[in-house]
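These notes concern the structure reproduced below.
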Amino acid sequence: MNYCFNEPIDLTPTISSRYMMVPQHRGSPTEHKSVWTVSNQAEITCFTNSVVSQWKCDKYYWGISIINGVVIQLGTNYENQVLQIAKFVDGASNDCWHGYPANIQRHPGDIPSSAVLNLWQQSGIISKSDKSKIKGGKRCIL
Amino acid sequence: MHPLKVSIPGDFIDCQIYRGRLYLWTNNGCVKVYDWDKLISLTNAYQNNKLMMRIGFLEGNLLYKSGVSDLLDDIDFLSLAKTKLESLSEDEHQLSCLEIDQALLCNQDFPSNLEPIDTTIYRNSLYYITDSGLFECDVHFPKKYKTQLRNEKKLWDCPLFSLMANSFGQIALSAGDEGLFELNNYDAEYLENKPVNLSRDLSLSGNNKRMTGIPPIFQISKKHSTFANYNYANIYSSSSLDASYMALFEWIEHEDYTAKKTRKYLTDVNDVDIFNSNNQHHISWGNQGKLYLVSNNEIRIVRLHGSMRGLDKFDLFEEPKIVLHSWKGEVIAAGSAYFGVVIECENALVVLLSNGESYSIPGPITKWRVYPRSHNYENHLHVIFDDKITIYSFNNDYFVDQKSKDFGVEYKEKSQWFKWQQHESQS
Numbered sequence: 006m007n008y009c010f011n012e013p014i015d016l017t018p019t020i021s022s023r024y025m026m027v028p029q030h031r032g033s034p035t036e037h038k039s040v041w042t043v044s045n046q047a048e049i050t051c052f053t054n055s056v057v058s059q060w061k062c063d064k065y066y067w068g069i070s071i072i073n074g075v076v077i078q079l080g081t082n083y084e085n086q087v088l089q090i091a092k093f094v095d096g097a098s099n100d101c102w103h104g105y106p107a108n109i110q111r112h113p114g115d116i117p118s119s120a121v122l123n124l125w126q127q128s129g130i131i132s133k134s135d136k137s138k139i140k141g142g143k144r145c146i147l
Numbered sequence: 182m183h184p185l186k187v188s189i190p191g192d193f194i195d196c197q198i199y200r201g202r203l204y205l206w207t208n209n210g211c212v213k214v215y216d217w218d219k220l221i222s223l224t225n226a227y228q229n230n231k232l233m234m235r236i237g238f239l240e241g242n243l244l245y246k247s248g249v250s251d252l253l254d255d256i257d258f259l260s261l262a263k264t265k266l267e268s269l270s271e272d273e274h275q276l277s278c279l280e281i282d283q284a285l286l287c288n289q290d291f292p293s294n295l296e297p298i299d300t301t302i303y304r305n306s307l308y309y310i311t312d313s314g315l316f317e318c319d320v321h322f323p324k325k326y327k328t329q330l331r332n333e334k335k336l337w338d339c340p341l342f343s344l345m346a347n348s349f350g351q352i353a354l355s356a357g358d359e360g361l362f363e364l365n366n367y368d369a370e371y372l373e374n375k376p377v378n379l380s381r382d383l384s385l386s387g388n389n390k391r392m393t394g395i396p397p398i399f400q401i402s403k404k405h406s407t408f409a410n411y412n413y414a415n416i417y418s419s420s421s422l423d424a425s426y427m428a429l430f431e432w433i434e435h436e437d438y439t440a441k442k443t444r445k446y447l448t449d450v451n452d453v454d455i456f457n458s459n460n461q462h463h464i465s466w467g468n469q470g471k472l473y474l475v476s477n478n479e480i481r482i483v484r485l486h487g488s489m490r491g492l493d494k495f496d497l498f499e500e501p502k503i504v505l506h507s508w509k510g511e512v513i514a515a516g517s518a519y520f521g522v523v524i525e526c527e528n529a530l531v532v533l534l535s536n537g538e539s540y541s542i543p544g545p546i547t548k549w550r551v552y553p554r555s556h557n558y559e560n561h562l563h564v565i566f567d568d569k570i571t572i573y574s575f576n577n578d579y580f581v582d583q584k585s586k587d588f589g590v591e592y593k594e595k596s597q598w599f600k601w602q603q604h605e606s607q608s
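Protein chains in written order, with the numbering used here: chain A, 6 to 147; chain B, 182 to 608.
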């Protein structure tokens, strides 16, 4: 299916929220913007899964994708790092979301809240050791 | 010489030890405070080897003290001490749940109901980072009190990775790409009567922008910072992504404030210039006079002289090779203690001891801490695993020449620290 940038995507009946892909998080990463390396559909699925799983704290949803029991790479940054966690924001507060691979070693604000990390730990997606590394801005491949 | 080990079972996420109290944060939102001296006294090992267990876990500076350390010149005493420590190190002394409950002072919900990301204690104040920012609360109340952490207040809402205090009430705050900041309690008294204008730089810290009122938080650098350590008057900021750097300060006097000198920021010096290295994949750190850079299974060491004003004020040492087996993964963090340096790899801790030996601790590791500012626990390494915390006591450093050792902070009597630091900063 073809998706257009900056156009809200209706995700009913799965979820009522809409999603929008933005061009600055596709293509080549810049110093300040990470990019998705998975397909458009995978990006949308990651968001949908976050909403269904209620991996949300405060204003953000947080996403992670698992295939065959393995947490996959979602994106990369200017330093060509493997990024495995996505952050979804509702910029206009109208339940229309967009997201990007979170640069967790660079920005403390790109780190999921403890509440979401605890959900992932309880689900066996990450370990307690992973959670501590992520919160401390340390390298952590899940 | 292997370390002594005491373990406490449980699901923990952070720890601190301070003035006879062990603080353990649990994974379910509580903090437990233990009478540390009583905990150690409950071990079987303590019943049979009180002196060595005291040295190992309760009075780590005992064999450093002048007068007492002279005993180590006695060959018989030296041999006996080493033999006893080696014997005690053969077992990991595990405390049972019943035993540790006897030493429990309180079990309370953690203030703010938010998990700590990092913690430090200075002068009966606990400083901690959560998802919501930087907080402070009071600790070390009388043992009969049911709650031991009280009077929480929020200091700042900036997201942070880590914090580190020095012996003067200054706390370095690492905020990733936001940079390096410092909460400066030491200068707070001087600043108290100064008008606060957050839109303008204050001359007290050079050109550092002030972020908050009281207590004062300044931005030291806009360069990426993952964790930081103090080196005399300076701050060494370590980055897991970019170049690490030393933020240089000098002590200055004020005409309008003669009670004490304060620090003034000068400039940054990158680790590329300090270590004469352009290796991209490395991590560097430093604490109190020695800086280290680890890359590609080798380590470089720089000794500082004074405040390092001018790059001729350091000595680059030969590079002893270290072996980091591939299963341990990449180096992701590090720190220094008197007994050596601790290198955190993805899957293990590697301790390079001041006597030239090394010791590996396989993971997975949730958190680890050393306490170089401590008066009694400077030989401790606390390591939190999935189902327990183990307190390692490294006692090799008493038998090593302090000035010539490669790994570890040089021991000086605490009473001499401040005078020595100011003297070194001005030399």
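The beta carbon of each residue, even a glycine, is placed where N, CA and C say it ideally should be.
None of the values given here were measured: they were computed from a predicted structure.
Residue nearest to D290 of chain B within the set B:L259, B:L232, B:C211 and B:L330 is B:C211 (criterion: CA-CA distance). When DSSP assignments are scanned along the stretch 21-79 of chain A, the uninterrupted stretches of beta strand (DSSP E) that are 3 or more residues long and fall wholly within it turn out to be 65-68. Less than 9 Å separates the beta-carbon of N451 of chain B from that of S425 of chain B. With contacts defined by Cβ atoms closer than 9 Å, Q110 of chain A and G80 of chain A do not form a contacting pair. DSSP, reduced to helix, strand and coil, places L422 of chain B outside both helices and strands of the structure shown, so it counts as coil.
Contact check between the stretch 562-571 of chain B and the stretch 196-203 of chain B: three or more CB pairs, one atom from each, fall below 8 Å, which counts as touching. Taken in chain order, the members of the stretch 80-104 of chain A whose beta-carbon sits within less than 9 Å of a beta-carbon on chain B are E84 and Q86. Using a CB distance below 8 Å, no part of the stretch 26-46 of chain A faces chain B. Within the same chain, Y24 come within 6 Å of I49 of chain A by CB-CB distance, once the 5 residues on both sides are set aside. The Cβ-Cβ distance between P34 of chain A and V40 of chain A falls below 9 Å.
Between the beta-carbon of L315 of chain B and that of W337 of chain B there is about 4 Å, and that keeps the pair under the 8 Å contact cut. Listed along the chain, the chain A residues whose CB falls inside 7 Å of the CB of L422 of chain B are E84, Q110 and R111. A distance below 6 Å between beta-carbons, with the five flanking residues on each side excluded, links L203 of chain B to the following residues of its chain, in chain order: Y215 and W217.
In this structure E240 of chain B is buried. Its beta-carbon is surrounded by 16 or more other beta-carbon atoms within 10 angstroms. Looking only at A:N45, A:I146, A:L122 and A:S21, the smallest Cα-Cα distance to N209 of chain B is reached by A:L122. In the three-state scheme derived from DSSP, where H, G and I count as helix and E and B as strand, L253 of chain B is classed as helix.
Under the three-pair Cβ rule at 8 Å, the stretch 551-560 of chain B counts as touching the stretch 226-241 of chain B. The three-state secondary structure of V320 of chain B, taken from DSSP, is coil. DSSP places T443 of chain B within a strand segment (E or B) once states are collapsed to three.
In the DSSP annotation of this structure, the continuous segment of the alpha helix (DSSP H) that includes N225 of chain B starts and ends at N225 to N229.
For the options B:R484, B:L276, B:P543 and B:R481, the alpha carbon positioned closest to that of S507 of chain B is the one of B:P543. Residues of the stretch 279-310 of chain B with a Cβ closer than 8 Å to any Cβ of chain A, in chain order: L295, E296, I298 and D299.
Buried is the label assigned to P113 of chain A, since at least 16 other Cβ atoms lie within 10 Å of its Cβ. The beta carbon of E527 of chain B falls within 9 Å of a beta carbon belonging to chain A, placing the residue at that interface. Not a single C-beta of chain A is nearer than 9 Å to the C-beta of T264 of chain B.
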